[in-house]
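Straight run, no breaks: the sequence shown in numbering that gives the first Met the number 0 ends on number 175.
All residues carry an ideal CB built from backbone N, CA and C; glycine is no exception.
Worksheet: the structure to be examined is printed underneath.
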Amino acid sequence: MKVYVGSKNRVKIEAVKSAFSKFFEKDVEVIGVSVDNGVGKQPYDEQTWKGAINRAKNAMKEYRDGDFWVGIESGIFSQYDRYFVANCIVVMDKNGNWSFGMSPWFEITKELYERIRKSEEMERVMEELFNIKDIGEKMGAIGVFTKGIMNRKELTEYGVIAALAGYWERKLLEKS
């Protein structure tokens, strides 16, 4: 099975490989490809979904020989005067079926949110604050804020599994 991920970020690629391998219980080749998300470096709210959709679509346009295409976009969501970080995940199969999922959400302070808005990218702010270069390719903010109990790969993998649940639901309903 060949899966294209609309990102070269190794954490996202590893999360997709782990989720697909568990879900389909077969050899999975996961290839990360550089594509435009169409929403900029730091998406907010609905832009995050749009970025994930664009990543999956753009990967599929350029690499047609896959079985699946995955778009993952990390964004910041505002609800109830609070701020949360989560990944939006879109999975598209070769038959044109789409399924959507999200990672767990975690809260950030208003102060951190405002710093990110000024600098325009969470990863840069986190690197500055915690002196961890390429944090998005490592533990991610979730790793810092959970004292290493959860890392970015695990957070993203749960979101990919959630997206695959929608795909699998369709398959089960087709059989019944």
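From residue i to residue j, what does the alpha carbon distance come to, in whole angstroms?
| i | j | result |
| --- | --- | --- |
| Lys146 | Glu106 | 15 angstroms |
| Asn96 | Met138 | 32 angstroms |
| Ile115 | Met121 | 5 angstroms |
| Ala164 | Glu110 | 35 angstroms |
| Glu132 | Gln41 | It is Lys, not Glu, that sits at residue 132 in the sequence shown. The alpha-carbon atoms of Lys132 and Gln41 are separated by roughly 18 angstroms. |
| Phe76 | Lys1 | 32 angstroms |
| Asp26 | Gly70 | 20 angstroms |
| Ile148 | Gly142 | 7 angstroms |
| Gly74 | Asp44 | 7 angstroms |
| Lys7 | Glu72 | 12 angstroms |
| Phe83 | Ser102 | 11 angstroms |
| Glu127 | Thr155 | 23 angstroms |
| Asn130 | Lys60 | 38 angstroms |
| Lys117 | Ser175 | 52 angstroms |
| Met91 | Ala85 | 20 angstroms |
| Tyr62 | Val34 | 11 angstroms |
| Thr47 | Thr108 | 19 angstroms |
| Lys21 | Tyr157 | 11 angstroms |
Taking all protein chains shown into account, do 16 or more other C-beta atoms lie within 10 angstroms of the C-beta of residue i, making it buried, or fewer, making it exposed?
| i | result |
| --- | --- |
| Leu81 | It is worth fixing the name first, because residue 81 is Arg in this sequence and not Leu. Arg81 should be labelled exposed. |
| Leu172 | exposed |
| Arg54 | buried |
| Lys16 | buried |
| Asn94 | exposed |
| Tyr112 | buried |
Between which two residues does the alpha helix (DSSP H) containing residue i stretch?
| i | result |
| --- | --- |
| Ile107 | First-last for Ile107: 105-107, but that is the beta strand (DSSP E), not the alpha helix (DSSP H). |
| Ser20 | 9-23 |
| Thr145 | No alpha helix (DSSP H) contains Thr145, which DSSP labels as neither H nor E. |
| Tyr62 | Here Tyr62 belongs to no alpha helix (DSSP H), and DSSP marks it neither H nor E. |
| Val27 | From DSSP, Val27 is part of no alpha helix (DSSP H); its letter is neither H nor E. |
| Val38 | That residue, Val38, is in no alpha helix (DSSP H); it is neither H nor E in DSSP. |
Quickly, what does DSSP pair residue i with across the bridge? List them, please.
| i | result |
| --- | --- |
| Ala85 | Gly74 |
| Tyr43 | Ile75 |
| Phe67 | Val2, Asp92 |
| Trp97 | Met91 |
Considering residue i, what are the terminal residues of the beta strand (DSSP E) in which it resides?
| i | result |
| --- | --- |
| Tyr33 | The sequence as given places Ser at residue 33; Tyr does not occur at that position. That residue, Ser33, is in no beta strand (DSSP E); it is neither H nor E in DSSP. |
Quick check on the DSSP output: what are the complete alpha helix (DSSP H) runs of length 4 or more inside the stretch 114-141, in order along the chain?
121-129
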